[in-house]
Structure formats: structure tokens, C-alpha cells
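> Structure in C-alpha cells, see below.
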Amino acid sequence: MLGRHAFSRTGNFRPENLGQNAMAMIANVCFSMFVVGVLVFTIMAATYEPEDPLFHPSSKITTFLTSKSNATFKSDNTVVKTGEDFMATNENVFGNVINMTDVDNSVMNDFADAAAAECQSNGPIDCKDPEVFHTMMRATIEKFQDIHFYRFGKPVPGSNDSTCDMAWRFRPKDGKAAAFYKDYRRFVINRSTNCSLSIVSIGDYHTGMNARKRKKYQKAGLEKKQAKGDNVNAFPVVGEIVNDSLPVVESESSFSHGKYLIYVGGGDRCKSMNHYLWSFMCALGEAQYLNRTLVMDLSICLSSIYTSSKQDEEGKDFRLYFDFEHLREAGSVLDKEQFWADWKKWQQKDGMNLHLVEDYRVTPIKLMDVKDSLIMRKFGSVEPDNYWYRVCEGETESVIQRPWQLIWKSRRLMDIVSAISSKLNWDYDSVHVVRGEKARNKELWPNLDAHTSPDALLSTLRDKVDEGRNLYIATNEPDTSFFDPLKDKYTTHFLDEYKNLWDENSEWYSETTKLNKGVPVEFDAYMRASIDTEVFFRGKKQIETFNDLTSDCKDGINTCNVAAN
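Residues -2 to 562 in our numbering are what the sequence shown lists, from first letter to last.
Shown next, in the form of C-alpha cells:
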């Protein structure tokens, strides 16, 4: 009909129905938004991958390691964290503690089984006598009240007729590190005229050398049965004899049937230990993902930041810094030199092929179907694209898991930590005082020098550490007399008090010289920092520089929030 509006007015558009229709439209829109929201949330939940609780994502680490800017965020050259730093430290995971009642009950059973012997008060001490064992264990538990005992070894003869050596496995009662410790000491024992036994003295840490290694057919001592499911063997045992000999290929057949991965070249050498380990763990993670043996170079380059010469130093043995025995047993690795020697002997004869990869963007996923015996990743000369850890970035980050559980700190270094802590009876507090270059740089750390002065330290520690306590001071301040004013309130201790533990007469010096083919090993700055830090972490109370002593940020002005992210 001409002249009529294009849209006819139906019942739905009558004025009296508009309010009802508007409410219906709003309800439909809201429901649609709800459905879309649920879909978005579902997709995000399905694809989200949380950050590795051990380390930040590699993109953050990459920025951290490769930054060349003059920003206040500085590369962290402190001691690296390794697998044992991330283990659970709930006391229940370490098994059952031996107490005095356990000692009494166990030895009473021994007495019941032992044949009666005539008393000889002037004869030599029989270290196999259950009563001697009982007396030694009781004296040990009574003397060392700040540690928990988990195993006692059977006593063995000491240096003369009145001494016996005994070993035990223990942990400090307030211990936060996921590790067991082994000590073995020499006991001087007296037998009175009525044949009663008493302990005259207990030697210092690791004086009972005859008890260090349990003899092949020697009966076990006292150890409580562990609950089902306890995995106490998963923890380092500091103080045991270290066997970090190189793995040997069993036969030509086993070598030729093996699958291997090797990283060659790159710009990772002579970087900080943090950088080195981050890259090495990428290689180790890829090898595990591909189910291949990692061919590794045990010769590393120590950065100039750790050397007394202030020059990068090649030829440092991996085993000086990390627990190769654990890596060899828990993972699958071969020494590079031994591998190439075997490859040269058997490669052509057994038809072993090499697959070369020269682009880090070739992901491990693309290498899963490679059948060749050896995959070689070859890195170029342009930094940072020639860093090993670039392999584990991007889409690979969600696939390759760095196997931190395979890397532990050197047990030789940790034995020095245990020795220092034992000399302090595991009963001390600790403070970490950062000074040096940071204290002199007022632009980035304006308050650090003042906040770590002796007067400021005394003021801060007054409410944190009880007067008269043993106080271990971990510091980069070269002149320890700087801290003399603290001696009026505390018994202070520093790393250099214990230099006999690594000097030329020490066990560490002897073993590392042997490891280094007869050439003495320098006790370098990284080793010093590692031990200083670990002794600090074993204090009952731990006072940090940037958390407790100063308001300055660890990495300089305006970086506190950045460091926390």
C-alpha cells in the first residue's frame, strides 16, 4: 500500500511490549557473554603451563644472562642452585631418628646373645664387644645434642689398644639442606678395675679414619627400619668416599648399539657458573627427552670473575664443582675424550652414522625420529644465538624439562662445609654481609656501606642474635678485622679460620691433586663463595644482607620489585 511505512507495526513492537522485549534481549546478551567467558576460561586452563618452580622461564633467564646494558639489573654471579636445593626438607622424609632408648634396646639384645666373658681390666679394649658399642653410642648422643642420628656403624680398632673408631650418619636437628652427613671419630676408652667402661675423649671431625669405609663382610651397626616408601637413598651423603671415576663402555657391542647426543662449540665457555649450568642442563634435558646418552666435556673454563689471575682459565675439571658420581649413576653421560676414542675405533666398522644440526631452532621434537647413532648440535660464533640454552627456548620450553635432580654440588666441597659446621657443633647463627664493590658504588647501593658498618651491624643484630652466640660471618670483605667490634657481643667466625681444610696437608688437597693428574688445584673464588654460602645456610638463624641489614635492593636502585618477579 503506497504511503505506508516500510515496517509494519506488529504486536511485538507495540509500546506496551517494549519493556518486556528489552529485558529479554539483555538476558540473552548476558547469557551469551557468560558462554563466551566459559569457553575462553576453558581454553586458557587447557593450554596454561605454570612456571617451573625451580627457575624462571628461559625467556627471563635469557634476558638476565645476555643483558649488556648499563641498567641497574646486574648479572648474578653468586653460587648456583643445584638439585638438592629443591628437595623437600620435611624431617619425615629422612627416616627414623635413633634415640637413647633405641640404643639401650638394641644392645640389650646383643648382651643376651653374647657369651659371658671373664673380666680383664688390664687387657686391650675389644671394639667388637657389644658393651663397648653401647657405651660409644650413648656418649655420642649425649655429646652431640644438636644433631639427629640415623645410623651407627660397628666400632673398629683405632690406633692402639685403648681406642676404637666409629662412624655414624646424621643430620643437624634444624637442618634445612636435603642431605645426610657422615662422621667418623676416634674414641679413647677406659676400663676400670671393676670392668666398667667410660669414654675418656671423642676425637675431632673425621679422626676415626679406620671406620670411614665399612669393610666388605663387616656386620651393620644400628639403623632403625625405615617406613615403607621412604627413599632415603635419594639424598646426598656428605662424608662418604667419593668415587667419580669416568664411566667406561662395557663393550664394542654396547657402544655401537647406543644413541648419543653431543653439543659442540658455542659461546658458553668462560661465562659465569650460572650461565654454564643453565646451558649444560638444557643439553642434559634434551638428551633425556631423546633417550640418548649425553657426551659431555668434563673440562670447563672458569670465568675470570672466579680466578686469582683475573683471567679466564681453561682446563678446570667438572668434578671439582659438581657431584659427577651422582650424575653418572642417576643419568646417562659419557666423557667426550673417551667417546671420540671409541668412535674412532668402531664407527666405520659398525656403520655408525652422524646427524649434524647447525641451527638451534631445529627443535628436539623434530629429532625424535632420527635413527643415526650420534646427533651433533654444532653452534656458531655469533652471540647470543650460539648459546646452548637457546635450544630450550620457545616451543621447546614446554617439552624439555631440565633434570635438576641429576646435578648436586661437589661432595668434596660439601665435606668442608660439614667440617666447619661440626667444629661449631652445628650450633651457631650466621650473617651474610655483602660489601666490596657494591658498598663502594653509592650510585646503585647508596645505603649499603653505612648499613653494613660495625655499629650498624651491632644495632641490627641486637634484636636478632642472642649475645654470646657463635656467629659465622659470610662476607666478601677481605679485611675481617673490620668486624672486630662485634667480638664484644659474639664469638665471630670466618671462612679463613678453617683454611687447614683445603691447604696442602688436607684431604681435599690430596684428592683434588690426584683428580687433576698430579697438578695441585687452586682453591678458587667460586669454591670459597660456595663453601661460605653453604655454611651460612646451615646457621640456626640466618641474617641476609638485602633482606635484613639494608633497605637497598640486591641488584641496585629500583630493582627490588623486578627481583621479586
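For every residue, glycine included, the Cβ atom is placed at its ideal position computed from N, Cα and C.
Nothing here was measured: the structure is a model prediction, and the numbers come from that model.
Comparing C-alpha positions only, which one of Q402, V388, S450 sits nearest to V396?
Translated into the one-based positions of the sequence shown, residue 396 becomes position 399. Measuring from the Cα of V396, the nearest candidate turns out to be V388.
> DSSP puts H429 in a beta bridge; with which residues?
As a first step, residue 429 must be located in the sequence shown, where it is residue number 432. Looking at the DSSP assignment, H429 forms a beta bridge with A471.
> Name the two residues that bound the continuous beta strand (DSSP E) containing T290.
Residue 290 sits at position 293 when you count from the first residue of the sequence shown. First-last of the beta strand (DSSP E) with T290: 290 to 293.
> Which residues share a DSSP beta bridge with E501?
Within the sequence shown, numbered from 1, the residue matching residue 501 stands at position 504. Beta-bridge pairing by DSSP links E501 to no other residue.
> Among residues of its own chain, excluding the 5 on either side of L492, which ones have a beta-carbon nearer than 6 Å to its beta-carbon?
Start at 1 with the first residue of the sequence shown, and residue 492 comes out as number 495. These residues qualify, in order along the chain: D529.
> If you scan the stretch 490 to 547 from start to end, which runs of the alpha helix (DSSP H) of 4 or more residues do you find wholly inside it?
504 to 512, 522 to 534
> Output needed for D123: all residues of its chain with C-beta closer than 7 Å, excluding positions within five of it in sequence on either side, in chain order.
Residue 123 sits at position 126 when you count from the first residue of the sequence shown. Closer than 7 Å at the Cβ level, and outside the excluded window around D123, lie V129.
> The alpha helix (DSSP H) with Y181 in it runs from where to where?
Locating residue 181 in the sequence shown gives position 184, counting from the first residue. Premise fails: Y181 lies in the beta strand (DSSP E), 177 to 188, not in any alpha helix (DSSP H).
> Should H429 and E541 be called a contact, given that it needs their Cβ atoms to be closer than 9 Å?
By 1-based counting over the sequence shown, the position of residue 429 is 432. By 1-based counting over the sequence shown, the position of residue 541 is 544. Against a cut-off of 9 Å, the Cβ pair of E541 and H429 comes out as a contact.
> Considering only DSSP beta bridges, list what F149 is partnered with.
Numbered from its first residue, the sequence shown carries residue 149 at position 152. Per the DSSP secondary-structure output, F149 pairs in a beta bridge with W165, L219.
> Do L258 and A284 have their C-beta atoms within less than 9 Å of each other?
The count along the sequence shown starts at 1 and reaches residue 258 at position 261. The count along the sequence shown starts at 1 and reaches residue 284 at position 287. A contact, by the Cβ cut-off of 9 Å.
> Pairing CB atoms from the stretch 345 to 363 with CB atoms from the stretch 424 to 441, are three or more of them under 8 Å?
Contact between the stretch 345 to 363 and the stretch 424 to 441 is absent, because fewer than three Cβ pairs lie under 8 Å.
> Under 9 Å between the Cβ atoms of K435 and L421?
Indexing the sequence shown from 1 puts residue 435 at position 438. Indexing the sequence shown from 1 puts residue 421 at position 424. K435 places its beta carbon 9 Å or farther from that of L421.
> If I follow the unbroken beta strand (DSSP E) through K313, where does it start and stop?
To locate residue 313, count along the sequence shown from 1; it is residue 316. Counting along the chain, the beta strand (DSSP E) containing K313 begins and ends at 310 to 314.
> Tell me, please, whether the stretch 149 to 167 touches the stretch 125 to 140 by the rule of three or more beta-carbon pairs shorter than 8 Å.
yes
> Report the rounded CA-to-CA distance for K538 versus I302, giving the unit in angstroms.
What you label residue 538 is simply residue 541 of the sequence shown in a count that begins at 1. What you label residue 302 is simply residue 305 of the sequence shown in a count that begins at 1. Approximately 30 Å, taken between the alpha carbons.
> Helix or strand or just coil, what does DSSP make of D549?
Here residue 549 is taken as the residue at index 552 of the sequence shown, counted from 1. DSSP places D549 in coil when its eight states are reduced to three.
> How would you write the range of the alpha helix (DSSP H) that Y286 sits in, first residue to last?
Residue 286 sits at position 289 when you count from the first residue of the sequence shown. Counting along the chain, the alpha helix (DSSP H) containing Y286 begins and ends at 270 to 286.
> Measuring straight from C-alpha to C-alpha, what distance separates P451 and Y495?
As a position in the sequence shown, residue 451 is number 454, starting the count at 1. As a position in the sequence shown, residue 495 is number 498, starting the count at 1. Each residue's alpha carbon lies about 23 Å from the other.
> Out of K173, V431, S195, K221, state which residue places its alpha-carbon closest to the alpha-carbon of R166.
Along the sequence shown, read from residue 1 onward, the residue named residue 166 stands at position 169. When each option's Cα is compared against that of R166, the closest is K221.
> Between which two residues does the beta strand (DSSP E) carrying S296 extend?
Translated into positions along the sequence shown, residue 296 becomes position 299. Segment 296 to 299, the beta strand (DSSP E) holding S296.
> Is it right to say S55 is buried, meaning 16 or more other beta carbons lie within 10 angstroms of its own, or is it exposed?
If you number the sequence shown from 1, residue 55 lands on position 58. Caution is warranted here: a pLDDT of 46 is assigned to S55, below 50, making its placement in the model unreliable, and the coordinate value is therefore given only provisionally. Buried: at least 16 other Cβ atoms inside 10 Å.
> From N467 to L458, what does the alpha carbon distance come to, in whole angstroms?
Within the sequence shown, residue 467 is the residue found at index 470, counting from 1. Within the sequence shown, residue 458 is the residue found at index 461, counting from 1. Distance between the alpha carbons of N467 and L458 is about 13 Å.
> Would you mind giving the Cβ-Cβ distance between I404 and F319, rounded to the nearest angstrom? I have them listed as a contact below 8 Å.
The residue given as residue 404 occupies position 407 in the sequence shown. The residue given as residue 319 occupies position 322 in the sequence shown. I404 to F319, Cβ: 6 Å. Contact.
> Buried or exposed: where does N207 fall if 16 or more other Cβ atoms within 10 Å of its Cβ makes it buried?
Your numbering for residue 207 matches position 210 in the sequence shown. Flag for N207 reads buried.
> If you reduce the DSSP assignment to three classes, tell me which class S450 lands in.
Counted from its first residue, the sequence shown places residue 450 at position 453. Assignment of S450 by DSSP, reduced to helix, strand and coil, places it in the coil class.
> Report yes if the C-beta distance between R409 and T509 is below 9 Å; otherwise report no.
Here residue 409 is taken as the residue at index 412 of the sequence shown, counted from 1. Here residue 509 is taken as the residue at index 512 of the sequence shown, counted from 1. Yes.
> Between which two residues does the alpha helix (DSSP H) containing F336 stretch?
Here residue 336 is taken as the residue at index 339 of the sequence shown, counted from 1. Start and end: 333 to 343.
> Helix, strand or coil for I122, going by three-state DSSP, please let me know.
As a working note, residue 122 is residue 125 in the sequence shown. Correct three-state label for I122: coil.
> Can you grab the Cα-Cα spacing for the pair N157 / E326, in whole Å?
On the sequence shown, position 160 is the one that residue 157 refers to. On the sequence shown, position 329 is the one that residue 326 refers to. One C-alpha to the other measures close to 39 Å.
> Identify whether S195 lies in helix, strand or coil by the three-state DSSP scheme.
Within the sequence shown, the letter at position 198 stands for residue 195. Looking at S195 - three-state DSSP - the assignment turns out to be strand.
> Give me, in chain order, the residues of the same chain whose beta-carbon lies closer than 6 Å to that of A566; leave out the 5 immediate sequence neighbours on both sides.
Because residue 566 is not part of the residues shown, which for the chain are -2 to 562, the question remains open.
> To the nearest whole angstrom, what separates the beta carbons of Y523 and M270, a pair I think is in contact under 8 Å?
Numbered from its first residue, the sequence shown carries residue 523 at position 526. Numbered from its first residue, the sequence shown carries residue 270 at position 273. Going by Cβ atoms, the distance from Y523 to M270 rounds to 6 Å, so yes, they are a contact pair.
> Apart from the five residues just before and just after G536, which ones in its own chain have a Cβ nearer than 7 Å to its Cβ?
Looking up residue 536 in the sequence shown gives position 539. Only Y425, D426, S427, Y469 meet the Cβ criterion.
> With 16 as the cutoff for other CB atoms within 10 Å, does L546 come out buried or exposed?
In the sequence shown, residue 546 corresponds to position 549, counting from 1. That one is buried.
> L291 and M365: beta carbons closer than 9 Å?
On the sequence shown, residue 291 is found 294 positions in, with the first residue counted as 1. On the sequence shown, residue 365 is found 368 positions in, with the first residue counted as 1. Taking 9 Å as the Cβ cut-off, L291 and M365 do not qualify as a contacting pair.
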